[in-house]
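Chemist: Pasting in a structure now, in structure tokens, and then I'll have a few things to ask.
There are 2 protein chains.
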Amino acid sequence: MNNARKDIHNSDIPVLCRACEARHRGICGALTPAQLVKLNQHTKQHSYKSGQELQSADQEVERYSNILRGVVKLTKLLADGRQQIVGLQFAPDFTGRPFRRESHVIADAATDIQVCSFPRKSLEELIGESPELEHRLHTQALEELDEAREWMLTLGRKNAGEKVASFLFLIASHVDPEIDERDGPISFELPLKRSDIADFLGLTIETVSRQITKLRKAGVIEVENNRTVIVPDLDRLRFACERET
Amino acid sequence: MNNARKDIHNSDIPVLCRACEARHRGICGALTPAQLVKLNQHTKQHSYKSGQELQSADQEVERYSNILRGVVKLTKLLADGRQQIVGLQFAPDFTGRPFRRESHVIADAATDIQVCSFPRKSLEELIGESPELEHRLHTQALEELDEAREWMLTLGRKNAGEKVASFLFLIASHVDPEIDERDGPISFELPLKRSDIADFLGLTIETVSRQITKLRKAGVIEVENNRTVIVPDLDRLRFACERET
DNA sequence: CGTTATCTTGACGACGATCAACCGCAGTGG
DNA sequence: CCACTGCGGTTGATCGTCGTCAAGATAACG
Chain A
1 MNNARKDIHN
11 SDIPVLCRAC
21 EARHRGICGA
31 LTPAQLVKLN
41 QHTKQHSYKS
51 GQELQSADQE
61 VERYSNILRG
71 VVKLTKLLAD
81 GRQQIVGLQF
91 APDFTGRPFR
101 RESHVIADAA
111 TDIQVCSFPR
121 KSLEELIGES
131 PELEHRLHTQ
141 ALEELDEARE
151 WMLTLGRKNA
161 GEKVASFLFL
171 IASHVDPEID
181 ERDGPISFEL
191 PLKRSDIADF
201 LGLTIETVSR
211 QITKLRKAGV
221 IEVENNRTVI
231 VPDLDRLRFA
241 CERET
Chain B
1 MNNARKDIHN
11 SDIPVLCRAC
21 EARHRGICGA
31 LTPAQLVKLN
41 QHTKQHSYKS
51 GQELQSADQE
61 VERYSNILRG
71 VVKLTKLLAD
81 GRQQIVGLQF
91 APDFTGRPFR
101 RESHVIADAA
111 TDIQVCSFPR
121 KSLEELIGES
131 PELEHRLHTQ
141 ALEELDEARE
151 WMLTLGRKNA
161 GEKVASFLFL
171 IASHVDPEID
181 ERDGPISFEL
191 PLKRSDIADF
201 LGLTIETVSR
211 QITKLRKAGV
221 IEVENNRTVI
231 VPDLDRLRFA
241 CERET
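Right, here's the structure in full:
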């Protein structure tokens, strides 16, 4: 359909978009140079410090964003303050809920982040003229659904130790998407602090801390500065995701 | 785009589709009479008894289905047999995972069901020629994602009593989609047996049974034949979803 | 350096799992 | 016809995991 995209010269593309991951692996890859130019008239790049809110619950969605750098957490709240993280998003994910005026989750910066945002109206117009754009959004939604369901299994049926191991594995797989074929050592930074991990796993901070200690003492992981995790043997971590250590 | 759909005569539409809910609220509403006719050359109606499997895990997806009657449960398994229901689907939902060769969940008939199925290839071809079809699939995926996230909050942060109340409320809202504006009495049949409810809530059968008894004794619900539930006051049930009774 | 956020560790208790017995009901077959 | 079996559900007693409360350790920061 959009063979206009073939053999385009870089100079047709807005400066900001040229080096942008969202144009390669994200939703903007669906757009022609002309559409990118048009969208660019309304986009804004923005940085948020860790903890700042992009979007609060039940509030009208004004702008959608692509994540350029950092990690965004999606949170749900109960009236008495209990909270659960229901999704994590990484660059170059699209964030926001298409076709609905208000969001049912809170979007927070889990780390310092950088996003490229655009008005709701721009997205809706572009979807109308580009089926390929909707296809990319659809694909991302299906992947988030797969992840959410995988996580429901973890929340509902795994014990604390398995939950923590599963979380570490989840983060590891975002550092290395090819992780399923690997089995050697790997190391990464945790993008979440303990209280976020607890909210993600449906546990308390104390339990998370104890289980991390346990994995450390069992030699499944090493920890530096509370944030850097080294996994000497991925298979042992994988094992810990489904069986008590 | 598809204004061919306007002012069509019923006789253009395949017999099987005429009274079908999927043509009104389901994905087939996106199709022109011609497309319906074409799809109809490959569709099969099929019934399954409660407990029968439509699709097993990690097995290649041959056919997708629309649910015409009954309830389908989507289940995930752990190696040692623990299981979690990660989704429930009702008529006229589309069931199956587009754009992926194998399914990561098991699809079971929770009740006796009736479906209309079609080959993977047919769907993929139709998506190519009908952006409106992909839009409907996208919309359903987004709604399932919303539901999954709502359920993650329940799994991660609610206690047994709140979980059971939330489950009852979930079923009630599928019987009456306008439930948010209601507050009077309502009654319905539970489509799931106790063990399924337990697998949906991340609990054991015994705990589910005890909590139902507790809600019954507190007067929040009445139960007949273990399957029929009467809710005299919806607000009390709503209350029980977030606070200990 | 003091102050505050973040994380760890310990002691204890509650909630839900586990194990076991029992009830009601529908089939099934002698 | 009744005995037997299997299935779904309930209830009770006991145990273990994880939450709660409290204190300290470590790191981050002005």
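Same order as they appear, the protein sequences are chains A and B. Each residue of the first sequence is one higher than the last, beginning at 1 in full-length UniProt numbering. Each residue of the second sequence is one higher than the last, beginning at 1 in full-length UniProt numbering. Glycine residues also receive a C-beta, built at the ideal position from the N, C-alpha and C atoms.
1. Would you tell me roughly how many angstroms separate the C-alpha atoms of Lys73 of chain B and Pro33 of chain B, rounded to the nearest one?
2. Contact criterion: CB-CB distance below 7 Å. Does Pro131 of chain B meet it with respect to chain A?
3. So Gly202 of chain A contacts chain B; which residues on that side make the cut at Cβ distance below 7 Å?
4. Measuring only the C-alpha atoms, how far is Asn225 of chain B from Thr213 of chain B?
5. Just tell me which of B:Ala91, B:Ala110, B:Leu54 has its CA closest to the CA of Arg69 of chain B.
6. Could you tell me whether the Cβ of Asn3 of chain B comes closer than 7 Å to any Cβ of chain A?
7. Could you list which residues in chain B have their beta carbon closer than 8 Å to that of Gly87 of chain A, in chain order?
8. According to DSSP, is Ser173 of chain B helix, strand or coil?
9. Counting only runs of 4+ residues fully inside the region 31-67 of chain B, write out the alpha helix (DSSP H) ranges in chain order.
10. Please classify Glu181 of chain A: is it buried, with 16 or more other beta-carbons within 10 angstroms of its beta-carbon, or exposed?
11. Under the rule that 16 or more other beta-carbon atoms within 10 Å means buried, what is Asn66 of chain B, buried or exposed?
12. Just checking, does the region 24-38 of chain B make contact with the region 126-138 of chain B on the three C-beta pairs under 8 Å criterion?
13. Is it buried or exposed, Arg23 of chain A, if we count other Cβ atoms within 10 angstroms and call 16 or more buried?
14. Hey, is Pro177 of chain B's beta-carbon within less than 7 Å of any beta-carbon in chain A?
15. If you measure from the beta carbon of Ala79 of chain B to each beta carbon in chain A, is any gap under 7 Å?
16. For a contact defined as C-beta to C-beta under 8 Å, what are the partners of Lys76 of chain B on chain A?
17. According to the Cβ coordinates, are Leu141 of chain B and Ala165 of chain A closer than 7 Å?
18. Can you give me the Cβ contacts of Leu215 of chain A inside the same chain, cut-off strictly under 6 Å, excluding the 5 residues immediately before and after it?
19. Suppose contacts are defined by Cβ-Cβ distances below 7 Å. Is Val86 of chain B in contact with Arg149 of chain A by that definition?
20. Which value, in whole angstroms, describes the spacing of the CA atoms of Glu162 of chain B and Ala109 of chain B?
21. So, under 8 Å CB-CB, Ser122 of chain B and Gln55 of chain B are touching, yes? Tell me the CB distance rounded to an integer number of Å.
22. How would you call Asn3 of chain B, buried or exposed, if buried means at least 16 neighbouring beta carbons within 10 angstroms?
23. Below 8 Å on the Cβ atoms is my guess for Val208 of chain B versus Arg194 of chain B; work out the distance and round it to an integer in Å.
24. What does a CB cutoff of less than 8 Å around Gly51 of chain B pick up in its chain, not counting 5 residues either side in sequence?
25. Please determine, among B:Tyr48, B:Asp233, B:Val71, B:Leu78, the residue with the shortest C-alpha to C-alpha distance to Gly184 of chain B.
26. Output, in chain order, the set of chain A residues within a Cβ distance shorter than 7 Å of Ala57 of chain B.
27. Tell me whether the beta-carbon of residue 302 of chain B lies closer than 7 Å to the beta-carbon of Ile27 of chain B.
28. Below 6 Å CB to CB, which residues in the same chain sit around Asn40 of chain B once its five sequence neighbours on both sides are set aside?
29. What residue range does the beta strand (DSSP E) around Gly87 of chain B cover?
30. Among the candidates A:His135, A:Val175, A:Ala57, A:Phe169, whose CA atom is the shortest distance from the CA of Arg101 of chain A?
31. How would you write the range of the alpha helix (DSSP H) that Asp196 of chain B sits in, first residue to last?
32. Tell me the DSSP secondary structure of Val105 of chain B in three-state form.
33. How about Ser47 of chain B and Gln89 of chain B: do their beta carbons lie closer than 7 Å?
34. Over the uninterrupted alpha helix (DSSP H) stretch that includes Cys17 of chain A, give me the two end residues.
35. Look at Leu237 of chain A and Phe188 of chain A and say whether their C-beta atoms are less than 7 Å apart.
36. Got a sec: which bits of the region 83-115 of chain B sit with their beta carbon under 8 Å from any beta carbon on chain A, in order along the chain?
Modeler: In short, the structure shows the following:
1. By one-based count along the second sequence, residue 73 of chain B stands at place 73. By one-based count along the second sequence, residue 33 of chain B stands at place 33. One alpha carbon belongs to Lys73 of chain B, the other to Pro33 of chain B, and they sit about 31 Å apart.
2. Start at 1 with the first residue of the second sequence, and residue 131 of chain B comes out as number 131. Pro131 of chain B counts as touching chain A.
3. Here residue 202 of chain A refers to the residue found at position 202 of the first sequence. Residues of chain B whose Cβ lies closer than 7 Å to the Cβ of Gly202 of chain A are, in chain order, Leu155, Gly156, Arg157.
4. If you number the second sequence from 1, residue 225 of chain B lands on position 225. If you number the second sequence from 1, residue 213 of chain B lands on position 213. For Asn225 of chain B and Thr213 of chain B, the distance between alpha carbons rounds to 13 Å.
5. Position 69 of the second sequence, counted from the start, is the residue given in the question as residue 69 of chain B. Per the Cα distances, B:Ala91.
6. Position 3 of the second sequence, counting from 1, holds the residue named residue 3 of chain B. Low confidence applies here, because Asn3 of chain B scores a pLDDT of 46, under 50, leaving its location unreliable; read the following figure in that light. False, the Cβ-Cβ gap to chain A never drops below 7 Å.
7. What you label residue 87 of chain A is simply residue 87 of the first sequence in a count that begins at 1. Result: Arg149.
8. Reading the second sequence from its first residue, position 173 is the one you call residue 173 of chain B. Correct three-state label for Ser173 of chain B: helix.
9. Listed in chain order, they are 33-40.
10. In the first sequence, the residue the question calls residue 181 of chain A occupies position 181. Around the beta carbon of Glu181 of chain A, fewer than 16 other beta carbons lie within 10 angstroms, which makes this residue exposed.
11. As a first step, residue 66 of chain B is located in the second sequence; it is residue number 66 there, counting from the start. Looking at its Cβ environment, which holds 16 or more other Cβ atoms inside 10 Å, Asn66 of chain B is buried.
12. Segments in contact, yes.
13. Taking the first residue of the first sequence as position 1, residue 23 of chain A is located at position 23. Looking at its Cβ environment, which holds 16 or more other Cβ atoms inside 10 Å, Arg23 of chain A is buried.
14. Against the second sequence, residue 177 of chain B aligns to sequence position 177. With respect to chain A, the C-beta atom of Pro177 of chain B has no partner C-beta closer than 7 Å.
15. For the purposes of this step, residue 79 of chain B is taken as the residue at position 79 of the second sequence. Closer than 7 Å: yes.
16. Numbered from 1 along the second sequence, position 76 holds the residue referred to as residue 76 of chain B. Per Cβ cutoff of 8 Å: Arg149, Glu150, Met152, Leu153.
17. Here residue 141 of chain B is taken as the residue at index 141 of the second sequence, counted from 1. Here residue 165 of chain A is taken as the residue at index 165 of the first sequence, counted from 1. The amino acid occupying residue 141 of chain B in the given sequence is Ala; Leu does not appear at that position. Not a contact, by the Cβ cut-off of 7 Å.
18. Position 215 of the first sequence, counted from the start, is the residue given in the question as residue 215 of chain A. Within its own chain, the residues whose Cβ lies closer than 6 Å to the Cβ of Leu215 of chain A, once the five positions on either side in sequence are excluded, are Ile221, listed in chain order.
19. For the purposes of this step, residue 86 of chain B is taken as the residue at position 86 of the second sequence. For the purposes of this step, residue 149 of chain A is taken as the residue at position 149 of the first sequence. Yes, the pair counts as a contact, with Cβ atoms nearer than the cut-off.
20. Residue numbering aside, residue 162 of chain B sits at position 162 when the second sequence is read from its first letter. Residue numbering aside, residue 109 of chain B sits at position 109 when the second sequence is read from its first letter. Those two C-alpha atoms are separated by around 26 Å.
21. Working through the second sequence from its first residue, we reach residue 122 of chain B at position 122. Working through the second sequence from its first residue, we reach residue 55 of chain B at position 55. 17 Å between Cβ atoms; not a contact.
22. Here residue 3 of chain B refers to the residue found at position 3 of the second sequence. Residue placement at Asn3 of chain B cannot be trusted, given a pLDDT of 46 that sits under 50; what the coordinates show is reported in the next sentence. Taking all protein chains in view, the Cβ of Asn3 of chain B is surrounded by fewer than 16 other Cβ atoms within 10 Å, so the residue is classified as exposed.
23. The residue given as residue 208 of chain B occupies position 208 in the second sequence. The residue given as residue 194 of chain B occupies position 194 in the second sequence. With 8 Å as the limit, Val208 of chain B and Arg194 of chain B qualify as a contact, their Cβ atoms being about 5 Å apart.
24. The count along the second sequence starts at 1 and reaches residue 51 of chain B at position 51. Non-local beta-carbon contacts of Gly51 of chain B in its own chain, meaning distances under 8 Å to residues more than five positions away in sequence, involve Asp108, Ala109 in chain order.
25. In the second sequence, residue 184 of chain B corresponds to position 184, counting from 1. Ranking the options by Cα distance to Gly184 of chain B, first place goes to B:Asp233.
26. As a working mapping, residue 57 of chain B is identified with position 57 in the second sequence. Within chain A, no residue has its beta carbon less than 7 Å from that of Ala57 of chain B; the closest one is some 12 Å off.
27. With chain B running from 1 to 245 in the structure shown, residue 302 of chain B is simply not present.
28. The residue you call residue 40 of chain B lines up with position 40 of the second sequence. If the five residues before and after Asn40 of chain B are omitted, its C-beta is found closer than 6 Å to the C-beta atoms of Pro14, all from its own chain and listed in chain order.
29. Here residue 87 of chain B refers to the residue found at position 87 when the second sequence is read from its first residue. Its beta strand (DSSP E) spans residues 83-90.
30. Working through the first sequence from its first residue, we reach residue 101 of chain A at position 101. That would be A:Ala57, whose Cα lies nearest to the Cα of Arg101 of chain A.
31. Taking the second sequence and counting its residues from 1, the one referred to as residue 196 of chain B is at position 196. For Asp196 of chain B, the enclosing alpha helix (DSSP H) has its first and last residue at 194-201.
32. Start at 1 with the first residue of the second sequence, and residue 105 of chain B comes out as number 105. In the structure shown, the three-state DSSP call for Val105 of chain B is coil.
33. As a working mapping, residue 47 of chain B is identified with position 47 in the second sequence. As a working mapping, residue 89 of chain B is identified with position 89 in the second sequence. No. Outside cutoff.
34. By 1-based counting over the first sequence, the position of residue 17 of chain A is 17. Start and end: 15-18.
35. One-based indexing of the first sequence puts residue 237 of chain A at position 237. One-based indexing of the first sequence puts residue 188 of chain A at position 188. No, the pair does not count as a contact, with Cβ atoms beyond the cut-off.
36. Within the region 83-115 of chain B, the residues whose Cβ lies closer than 8 Å to some Cβ of chain A are Gln83, Gln84, Val86, Gly87, Arg97, Pro98, Phe99, Arg100, His104, Val105, listed in chain order.
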